[in-house]
Amino acid sequence: MAARIVLHDADIARALRRIGHEILESRRGDGRLVLLGIPTRGVTLAERIQRLIEEIEPGVSEVGALDITLYRDDLARTPTRAPAPTRIPAGGIDDAIVVLVDDVLYSGRTIRAALDAIVAHGRPRAVRLAVLVDRGHRELPIRADFVGKNLPSATSERVSVRLSEVDGVEEVTIEP
């Protein structure tokens, strides 16, 4: 059975625009806003959301990247990719509202690792989570604050996000 496309480029753009608006509304004009993408596709999504936010309210947000590779709890069991650079904005994250951005929320283990990585870099006022796709099946008590699309799926299925900057194509698919 072939992969089924569940989000096209226009769907992704619409979801990210909505997430950007929701982030601004939740901020209520209070404090610095720092979007930290989790490599690889979370960084691309964070950059896109930050550009959308800047179109609405210039100067209120910064963007960076947060590598969580060495904070994962499954390093001994699964092969991992090489660490990507962490880029924290010049103002740091102390007392900022930090929005973690990732492509797919599944078990919650990546986000748990990201929370550990954040405390190694500072003490934010608050930490929020934005994901393009929430597919369920949580193993940890983690919930996204901003979701582009809730996409129920079987544990045997694979949800793949492909972005033009990384993959040359713009889509979200479910594969058996």
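Each residue of the sequence shown is one higher than the one before, starting from 1 at the first, in the UniProt record's numbering. Using N, Cα and C, we set each Cβ at its ideal position, and we do this for glycine too. Model, not experiment: these values are computed from the prediction.
Can you give me the start and stop residues for the beta strand (DSSP E) that residue i sits inside?
i, result
"S160", "158 to 162"
"D104", "Just to set this straight, residue 104 is Val in the shown sequence, not Asp. Residues 97 to 105."
"V34", "33 to 37"
"A65", "61 to 65"
"G122", "No beta strand (DSSP E) holds G122; DSSP gives it neither H nor E."
Which residues bound the alpha helix (DSSP H) around residue i?
i, result
"E170", "That residue, E170, is in no alpha helix (DSSP H); it is neither H nor E in DSSP."
"R17", "9 to 27"
"E54", "41 to 56"
"residue 180", "For residue 180 there is no data in the structure shown, the boundaries of the chain being 1 and 176."
If you draw a straight line from the C-alpha of residue i to the C-alpha of residue j, how long is it?
i, j, result
"P124", "M1", "45 Å"
"D95", "V169", "37 Å"
"V99", "A46", "9 Å"
"D73", "P83", "15 Å"
"E157", "R14", "25 Å"
When we look at the beta-carbon of residue i and count the other beta-carbons within 10 Å, is it buried (16 or more) or exposed?
i, result
"residue 215", "Within the shown structure, residues of the chain are numbered from 1 to 176, placing residue 215 beyond reach of any answer."
"E175", "exposed"
"L140", "exposed"
"S61", "buried"
"T110", "buried"
Using beta-carbon positions only, say whether residue i and residue j come within less than 8 Å of one another.
i, j, result
"R135", "V101", "no"
Kindly examine the ligand ZN and report whether one of its heavy atoms sits closer than 7 Å to the Cβ of residue i.
i, result
"S153", "Summarising the ligand content, the structure contains no ligands, and the ligand ZN is consequently not present."
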